[in-house]
Structures are given as C-alpha cells and as structure tokens.
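So the structure is just underneath, and the comments pick up after that.
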Amino acid sequence: MGQEAVERLRREIERHGPITFARYMEIALYDPACGYYATGLRVGRAGDYLTAPETHPIFGWVVARQVLELWDFLGRPAPFVLIEYGPAAGELALALFGYLARTAPEALERFRYWPVEPSRPARERLVERLAEAGFARLLLDDAPEPITGVVLANEVVDALPVHRVRRKGGRLRELYVAWDGERFVERPGPPSTPELERWLVRLGVQLVEGQTTELCLASLAWLDEVAARLRRGYLLVFDYGYPSPERHDPNRFPAGSIRTYSRHTVGDDPFADPGGQDITAHVDFTMLALAAQDRDLVPLGLTTQAAFLAHGGLGELLVALQTEPGMTAERYLVARAAAVHLLDPAGLGRFRVALFGKAVSPTLLPSGFRERLLSGVPLTRPGAEGTR
Ligand SMILES: C[S@@+](CC[C@H](N)C(=O)[O-])C[C@H]1O[C@@H](n2cnc3c(N)ncnc32)[C@H](O)[C@@H]1O
C-alpha cells in the first residue's frame, strides 16, 4: 500500500471532513509526492497494464496515417503542432514519428511536438527516448501559442478524477470518501455542486433507485484547456467508454464503472491501495461531445477502436510488414498477435475513438471514421451543418 498516500488522504479528511471521490482520486493518482502517476512509470509490460500503443508500434503507425490525413485536410501547414496529453514515456509518439520518418519525411519536418504529462518520471523518460530516436528536434521549447494541428489523448480522459453519485430514497446523493479509523469508506451526502444534477438532466440520465454512477467534471476543465490551445485543427480521443445511455445503463453498470489496475490485474476497490494502483472510470462520450461542442470543438466522429484501426489501414500495414527487409517469422507473428488483440471486440477493439474539429470543414473525415456510431452522441453529419 502507498503508505504516504494513505497518510496524505487521512490528513486531508481530518482537516476538512469527508472529501469528494474526485479529490480522493486526484491525490491518489496525481499528488506530486505520493500519487500513483507521480511516483513511477506505470504503463508497459513491467508496469500495471498495457495500453494500445504499448501493445505494438503498429497502433501508432495507424494513428500516424490518420494524423497525416488531418494534416492534409488543414492544407499541409508548417509548423503543424501535435500536442499529446498524457503521453507517459512516449510509446505512441515514438511509433508515430518513426512511421513518418520512414514514409513521409518531408511531412515530418513540418511537425512539432508538445507533450503535456504531469508525471515527472514519465516526462523525463519521454524526452530521453525522443533524443535517442533522433526526434529531439521536434520538441518545442516553450508552450505553443494556440496551434494549427492535432491534439491527441490516449487513455487520458478515463484517468481524470470523477465524482460518484447514487440515487437513494428518490434523491441524488454524492458519495464522499471518509476514514473510519481503519480504512477509507464511502459516505453519502448532499451533492457538492449542482453541476452533477444539471449534467444528469442534460444527458437525459435517470438513475434507478440504488444505482451509482460517475460524472467527470474534470473533463470540462480539460476541454477548456484543449479548446484554448487549439486555433484550428482536431482533437482525437481514444478511451474506454460509451455514449450516455450505455454508460449509465443500470443493468450494465449498476455500481458504476470504477476500475483499478495493479500488476495487470483488474479490480474494483479504489480504496484498496491508494497511490499504489491506477483508478479509472469509463468515459461518457455523450458528455464529452456536448461539453466539447460548448467550447466550439465540433464532434465529427465517434467509432470503435477496431473500426478506426481497420479502416485506418491496420491490415495493409500488417501485409507490408511481411515483405519488410529483415522481417522474421517471429517478429511478424508478434505484430499479428498484437493486431488481433487491438481489433478484438472484447479487448482493445471495444475502445472508442472520438474526433472533434475546431474551425475545420465538417465534411472531411479521415479514413478511420468510415464507420461512425451515431446513437447517443451529437455529431455533425458529413455534408450537412447542424447536429443530431
Ligand atoms: C493510462 S495513462 C496513458 C498513457 C499513454 N497515453 C498510453 O496510452 O500509453 C494516463 C496518462 O495520462 C496522464 N494524465 C493524467 N491527467 C492528465 C492531464 N490532466 N493532462 C495530461 N496528462 C494527464 C497520466 O500522468 C498518465 O501518463
């Protein structure tokens, strides 16, 4: 157990009384001294879980092809800035730049990169790895002015702090975190902010008696930041999650969607090891789309990761690997197994990929969005203004 995180949380509760779950999550994950992300490199085979970019660079190669299409839609600007939120140690960026260096070096020369990563060990490792791979020149020295480019976020929104709410006795209650002398426990109370009820109403979510769910108000502040950084371009979000009707379905998620990750084992007790395990909640893609729209980030597409990768050229890349000089049967089989995992509708394939645009044509969509899911999320239709 992360003893320091336990003490830090206990002190905060002793001083202020029960804290919101969002505050608990913020400290357990991001406190600079004892938070899960602040104290180590967490992803990867030696870490607690494998993300899509960690599975195999082929994921980043497909993303590179999509980013290249977006660069084209924007008229091939130079510089073209890629901001990546939560890059960790840079697996996605390294695969993406590696692919572009091999296939589109003239485009890559116009790219600049600005990673936004709160975890210091991860940030330091990322900078080292970019230098080792010969991509240090792409790193911007200072935070860019509002950019023309693309903002990427892979498995970041599901790591943002969430508030937990439950319908009890016909009323909406918030689940705070208290300390009972031995362990952290949930403590229902009145909502800490009217925003919670307001969002449930806006999303058309009616919780059934006893149902618990989460709302990610932190994603609103995050979208404020993204919208302010983007002058013209796109936001691409990859994550666990569903549109509201599924995300808050009482039959599917009666107790909400909090999941913990530790040494490649999934759990559901966020109080088990604060500071020592990851805590996530599925993304509500309807909420994300509505909030994005409020900030002039127009929702353009929502699809599954499997469809995004399949239409974005995963199969083609796999075939091309077979004839790559120096390819061995073993390396090819590793890539093929990764592709199967990435496309698996019960595995990483069920992730969602959302595309938002600011000051861009709503009729141009990259190939990865050929199959768009429309239900539950307001989207601009190609060839038409407005939403549905
Ligand atoms: C689950 S990891 C994903 C890492 C990487 N994108 C990947 O897919 O391998 C989540 C990452 O998001 C970062 N993160 C959390 N909140 C963030 C924020 N507000 N802005 C930027 N990054 C954030 C964490 O530090 C962590 O590196």
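Residue numbers (the working numbering): 114 to 501.
All C-beta atoms, glycine included, are put in the ideal place defined by N, C-alpha and C.
Query	Result
C-beta contact flag for Tyr-149 and Asp-391 at 8 Å	yes
Length at least 3, wholly inside the stretch 287-361: the beta strand (DSSP E) runs in chain order	297-302, 325-328 and 343-352
Check: Ala-206 C-beta below 7 Å from any heavy atom of ligand 1	no
Distance cut-off 7 Å: Leu-336 Cβ against heavy atoms of ligand 1	no
Per DSSP, the bridge partner or partners of Glu-197	Pro-228 and Leu-265
Host beta strand (DSSP E) of Ile-392 (start-end)	391-393
Opposing strand residues paired with Val-396 [DSSP bridges]	Gly-354
Rounded Cβ spacing between Val-111 and Thr-152 (contact assumed at less than 8 Å)	With the chain running from 114 to 501 in the structure shown, residue 111 is simply not present.
Within the stretch 230-259, ranges of the alpha helix (DSSP H) (whole runs, at least 4 residues)	233-245
Asn-507: CB within 7 Å of a non-hydrogen atom of ligand 1	A question about residue 507 goes unanswered here, because the residues of the chain that appear run from 114 up to 501.
Nearest-angstrom beta carbon gap, Gly-414 and Leu-468 [assumed within contact, 8 Å]	4 Å
8 Å contact criterion, which Ala-202 and Arg-223 should meet: CB distance rounded	Not a contact, Cβ separation roughly 25 Å.
Glu-182 versus Pro-479 - alpha carbon distance	6 Å
Asn-267 classed as buried or exposed, judged by whether at least 16 other C-beta atoms fall within 10 angstroms	buried
Neighbourhood of Val-490 by C-beta distance below 7 Å, restricted to the same chain and skipping five residues each side	Pro-356, Phe-398, Thr-399, Ala-402, Pro-412 and Leu-415
Arg-300 beta carbon less than 8 Å from that of Ala-291	yes
Where Leu-122 falls, given that 16 or more other Cβ within 10 Å makes a residue buried	buried
Reference His-377, options Leu-163, Asp-185, Val-396 and Val-350, closest by Cα	Leu-163
Assigned secondary structure, Arg-121 (DSSP; H/G/I helix, E/B strand, else coil)	helix
Length of the line joining the Cα atoms of Gly-199 and Gly-425	23 Å
Three-state class that DSSP yields for Thr-436 in the structure shown	coil
Sequence ranges, alpha helix (DSSP H) only - wholly within the stretch 441-500, length at least 4	442-456
Coarse secondary structure for Tyr-143, derived from DSSP in three states	helix
Near ligand 1: Pro-231 beta-carbon under 7 Å from a heavy atom	yes
Beta-bridge partners of Tyr-374, as assigned by DSSP	Val-379 and Asp-391
Buried/exposed call for Leu-343, threshold 16 Cβ in 10 Å	buried
Any C-beta of chain B under 8 Å from that of Leu-213	You won't find chain B in this structure, because it holds only one protein chain.
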